[in-house]
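Take a look at the structure set out below.
4 protein chains.
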Amino acid sequence: MYEVNETVRIESFSDAVFAIAITLLVIEIKVPGHEQVAKTGLLYSLIDIWPSYLAFVTSFATVLVIWVHHQRIFAILNKYDHKLFYYNGLLLFFVTFIPFPTALLAEYLLYRESKVAAIFYTGIFLAISLSFDLLWRHVSKQLLSKNAIMLKKDEALEITKQYKFGPPLYLLAFGMSFVSEPLSITICLLLALFFALRGWPFKEPL
Amino acid sequence: MYEVNETVRIESFSDAVFAIAITLLVIEIKVPGHEQVAKTGLLYSLIDIWPSYLAFVTSFATVLVIWVHHQRIFAILNKYDHKLFYYNGLLLFFVTFIPFPTALLAEYLLYRESKVAAIFYTGIFLAISLSFDLLWRHVSKQLLSKNAIMLKKDEALEITKQYKFGPPLYLLAFGMSFVSEPLSITICLLLALFFALRGWPFKEPL
Amino acid sequence: MYEVNETVRIESFSDAVFAIAITLLVIEIKVPGHEQVAKTGLLYSLIDIWPSYLAFVTSFATVLVIWVHHQRIFAILNKYDHKLFYYNGLLLFFVTFIPFPTALLAEYLLYRESKVAAIFYTGIFLAISLSFDLLWRHVSKQLLSKNAIMLKKDEALEITKQYKFGPPLYLLAFGMSFVSEPLSITICLLLALFFALRGWPFKEPL
Amino acid sequence: MYEVNETVRIESFSDAVFAIAITLLVIEIKVPGHEQVAKTGLLYSLIDIWPSYLAFVTSFATVLVIWVHHQRIFAILNKYDHKLFYYNGLLLFFVTFIPFPTALLAEYLLYRESKVAAIFYTGIFLAISLSFDLLWRHVSKQLLSKNAIMLKKDEALEITKQYKFGPPLYLLAFGMSFVSEPLSITICLLLALFFALRGWPFKEPL
């Protein structure tokens, strides 16, 4: 067990991973080719790739909200152990993977097999919510010193209460992807908004 | 509301996002293919992609100046709230998006439909100036403690005075893109210079 | 020789390099093309690229574990010298290179010449374990002040003991790649687990 | 003028830019295509792209050495002004650009017009050495407080003495690229070594 001022590097490494994952999303938006543009015009070609924008916005909002909650958790823990590196690593694993299902969804949303892409996409989000849950359980049970538990008890309880909704709601999005792709993506967008709104102990409105 | 020493992570996350967005720009400059080089020679092929260099320089200068102003703002705020994460997130959203319109402009500047590319490009810059405006309004109204307002009043006033020019000037660039693409890009370049020159409270010359 | 509080930048630079190398891995996983999908369906196309996932997981786990050990080493050193920059730079050189052999393995694992790809892949891991060994030897011999040696002697001994296994075990993986590709990749995965398990002075279980 | 503890963000932003530029280099090394491999075998195909490795090593070594000197300079300055952001920005501009001439050199080194690629490549390195020179002149003249000048005079003199060699030596590499490409690349590699060897006030051997 180590004191909390030593968590600088796990935070700066995580910040960089979140920042890169969120920035790489744009690479997957492809500039329309000249052949396509010759046929339909540049304006229409740019409108035509709206699934790319939708996937970009949804993934960006989700990663941003995860990052906000990540720094929230690390702001209240005050010791760390070996396991934290690997629970955190598991979360980062799924976060770094996001650009792939995002590109997949953008590519196949308008095609016959869009369901497979939506299942894959929401499945990764479900995996993220589960690994976030694991991380928070470990932190709340092991890494809040007695002192901190007293001082930050309300905040920890508030977080626990809110995070209970994560996995079931993402399971809902995942389940919905088998039925309706647009609806499952919409749920993911709304969930990002929901966790943005409620993502603070003092329940400030967004 | 939290004390300012806690803004480390929002700053380091933002720094990483700016750094990646500014560095990804180069990926969009494509090495000329062998076919093209066989026809015109490598030297001419490298000159031929000058729109890529122009778009790279303009976007680089703009992101650099935004970053300088971003750290300037965060250097004077001394508390933060939940909303700051999302105002900042909105700014970062448009910043991470920059490589796409940059690549679009580079690809289509010499083609018939360059106007669409220029409108898209200057439109993103307009969106950035608006989201920067939102961020600064929130900071200046909510996140300067009384104490800081006294000490840093001049700087805050100076910033407010300068930032008033942002949205209208970028609106001008956006409007101009409907008339003349080269002129609108030139305005964007000059605006980066303008905000670099005036971007400091003590009005030092660049 | 400098005091340890000055190692902030070598740590933040290294953190960023690790974070980018680990996040770039996903770029090499290519979204299946429409032609392929038309033939076999999207689901099968996504299963078909399992070597990409395997290479991604193996490389991600390895880079994560290297990073954990890197911060472990930098947490116990308490001075630094000029050579540290270049020993560290040599390690980062191989780490930044990882996306290339990862992509190579993903591309050729199912083809006739998979052996060449596996040799290349495990060879880079061997080079990393050797450069890590060099870094640790330098740190343990030169950069632990007398004071620190007393306080952290057990930890340093523990690290030395564990790291002795690195090069020979990665040599084994490298040697095995000449015989069986799947076995050599499996060994790499198990080694990441082994160094995760043992990667802490107090021998906590993972 | 601001106190030095405020340079955290310019350092962390620069660290991230250096880290990304150095890590993006590997993206330009392309996995050999199946057609090529079918003709010559995977092993030969991997040997065949040696210019990619050479360009990668040269650029990596150069960026690493620039970064080491960058942190060296920022470790001795103890105030900063507005201009520092833009001198530093100019240096970062050329650093972020490096992946392009690196890819260009890798692609055309074995072709008839390799001279153009080598001129472009060494030209960027010359530009970097000039912008580094500008940055150091500004720091050494404006940003060392009287106090610091006394304490760090030797180090500043030593740096000035060493940096005098930068622009003329890179001019030599640039000039040589008009005559012999291999020789000019070799000079660049040797210069990285030279600045690594001499890059420290106490003249420790590497």
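Chains as they are written, first to last, in our numbering: chain A, -3 to 202; chain B, -3 to 202; chain C, -3 to 202; chain D, -3 to 202. All C-beta atoms, glycine included, are put in the ideal place defined by N, C-alpha and C.
Q) Using a beta-carbon distance below 8 Å, is A123/C in contact with chain D? A) No, its Cβ sits nowhere closer than 8 Å to a Cβ of chain D.
Q. Does the beta carbon of V0/A sit closer than 8 Å to a beta carbon anywhere in chain B?
A. At V0/A, the pLDDT of 41 sits below 50, so the modelled position is not reliable; the number obtained from the coordinates is stated separately. Closer than 8 Å: no.
**Q.** Environment of L247/C [buried if 16+ CB atoms lie within 10 Å]
**A.** This structure gives no information on residue 247/C, because the portion of chain C shown stretches from -3 to 202.
Q | Close Cβ partners of Q32/C (< 6 Å) along its chain, the five nearest in sequence each way excluded | A | Setting aside the 5 residues that flank it on each side, Q32/C is surrounded in the same chain by S41, each with a C-beta closer than 6 Å to its C-beta; the list follows chain order.
**Q.** Short Cβ contact (8 Å threshold) for S180/D with A114/D
**A.** A distance below 8 Å separates the beta carbons of S180/D and A114/D.
Q: Consult DSSP for Y166/A and reduce its assignment to one of helix, strand or coil.
A: Three-state DSSP puts Y166/A in a helix.
Q.
If we define contact as Cβ-Cβ less than 8 Å, is L202/C a contact residue for chain A?
A. Note that L202/C scores 38 on pLDDT, short of 50, meaning its location in the model is unreliable; the coordinates nonetheless yield the value given after this. For L202/C, the nearest CB of chain A lies under 8 Å from its own CB, placing it at the interface with that chain.
Q) What runs of the alpha helix (DSSP H), each 4 residues or longer, lie entirely inside the region 23 to 55 of chain B? A) List check, alpha helix (DSSP H) in window: 30 to 36 and 38 to 44.
Q: Note down, in chain order, each residue of its chain lying with its Cβ closer than 6 Å to the Cβ of R5/A, except the 5 sequence neighbours on either side.
A: Nothing listed; no residue qualifies.
Q | Entirely enclosed alpha helix (DSSP H) segments - the region 88 to 130 of chain C, minimum 4 residues | A | Secondary structure remark: continuous alpha helix (DSSP H) runs of at least 4 residues inside the region 88 to 130 of chain C, in chain order: 95 to 104.
Q | Residue from I155/B, L88/B and I23/B with nearest C-alpha to P97/D | A | Nearest C-alpha to P97/D: I23/B.
Q. If you measure from the beta carbon of A114/B to each beta carbon in chain A, is any gap under 8 Å?
A. In terms of beta-carbon proximity, A114/B stays away from the interface with chain A, with every pair separated by 8 Å or more.
Q. What did DSSP end up calling K137/C once you bin it into helix, strand or coil?
A. Three-state DSSP puts K137/C in a helix.
**Q.** Distance between Y82/D and A57/A (C-alpha atoms, nearest Å)
**A.** The straight-line gap separating the alpha-carbon atoms of A57/A and Y82/D is approximately 32 Å.
Q. Would you say L187/A reaches chain B, if we count a Cβ-Cβ gap shorter than 8 Å as a contact?
A. Chain B places no beta carbon closer than 8 Å to that of L187/A, leaving this residue out of the contacts.
**Q.** Secondary structure of K160/D, DSSP reduced to three states
**A.** Coil at K160/D, not helix or strand.
Q: Could you spell out the range, first to last residue, of the alpha helix (DSSP H) harbouring T3/B?
A: No residue range can be given for T3/B, since it is assigned to no alpha helix (DSSP H) and is classified by DSSP as neither H nor E.
Q: Can you say whether F191/D is buried or exposed, counting buried as having 16 or more other CB atoms within 10 angstroms of its CB?
A: Under a 10 Å Cβ-count criterion, F191/D is classified as buried, with 16 or more other Cβ atoms of the shown protein chains found around its own Cβ.
(Q) According to DSSP, is F174/C part of a helix, a strand, or is it coil? (A) Correct three-state label for F174/C: coil.
Q.
Quick check: what's the CA-CA separation for Q138/A versus V61/B?
A. Cα atoms of Q138/A and V61/B: separation of roughly 44 Å, rounded to the nearest angstrom.
Q: Might you give, ordered along the chain, the residues of its own chain that have their beta carbon closer than 8 Å to the beta carbon of W132/C, omitting 5 neighbours on each side?
A: Only I69, I155, T156 and Y159 meet the Cβ criterion.
Q. Sorted by chain position, which residues of the same chain lie with C-beta nearer than 7 Å to F9/D's C-beta, five sequence neighbours on each side aside?
A. Excluding five sequence positions before and after F9/D, none of the CB atoms of its chain fall closer than 7 Å to its own CB.
Q) Looking only at C-alpha atoms, which of V64/A, P164/A and V27/A sits nearest to D77/B? A) The shortest Cα separation from D77/B among V64/A, P164/A and V27/A belongs to V64/A.
Q.
Here's a check: name, in chain order, each residue in its chain whose Cβ is nearer than 8 Å to the Cβ of E7/B, leaving out the five neighbours to either side.
A. Excluding positions up to five away in sequence, the list reads Q67 and F70.
Q: Enumerate in chain order the residues of its own chain whose CB-to-CB distance from I45/D is below 6 Å, with the five nearest sequence positions on each side excluded.
A: Within the same chain, I45/D has no close Cβ partners at all.
Q | Own chain partners of F93/D with C-beta closer than 7 Å, once the 5 adjacent residues on each side are dropped | A | Sequence-distant Cβ neighbours of F93/D in its own chain, meaning closer than 7 Å and more than five residues away, are I120.
Q. In its own chain, which residues sit with a C-beta less than 8 Å from the C-beta of T36/C, not counting the 5 before and 5 after it?
A. Around T36/C: D44.
Q: Assign V59/D to one of two classes, buried (16 or more other C-beta atoms within 10 Å of its C-beta) or exposed (fewer than that).
A: Counting C-beta atoms within 10 angstroms of its own C-beta, V59/D has 16 or more neighbours from the protein chains shown and is therefore classed as buried.
Q.
Rounded to the nearest angstrom, what separates F90/B and A123/B at their Cα positions?
A. Straight-line spacing of the CA atoms in F90/B and A123/B works out to 7 Å.
Q. When you compare only the Cα positions, how much space is there between Y49/D and A102/D?
A. Their Cα atoms are separated by approximately 8 Å.
Q. CB V112/B to CB L38/A, shorter than 8 Å?
A. Contact check for V112/B against L38/A passes: the beta carbons are separated by less than 8 Å.
Q. Exposed or buried, what is L80/B when buried is set at 16 or more other beta-carbons lying within 10 Å of its beta-carbon?
A. Around the CB of L80/B, 16 or more other CB atoms lie within 10 Å, so the residue is classed as buried.
Q: Keeping to the same chain, check which residues put their C-beta closer than 6 Å to that of G171/D; ignore five residues upstream and five downstream.
A: Take G171/D, set aside five residues on each side of it, and no residue of its chain has a beta-carbon closer than 6 Å to its own.
Q. Is P95/A near D129/A, with beta carbons less than 8 Å apart?
A. Cβ atoms of P95/A and D129/A: not closer than 8 Å.
Q.
Would you say V13/C lies against chain F (beta-carbon separation less than 8 Å)?
A. Chain labels in this structure do not include chain F; the protein chains are A, B, C and D.
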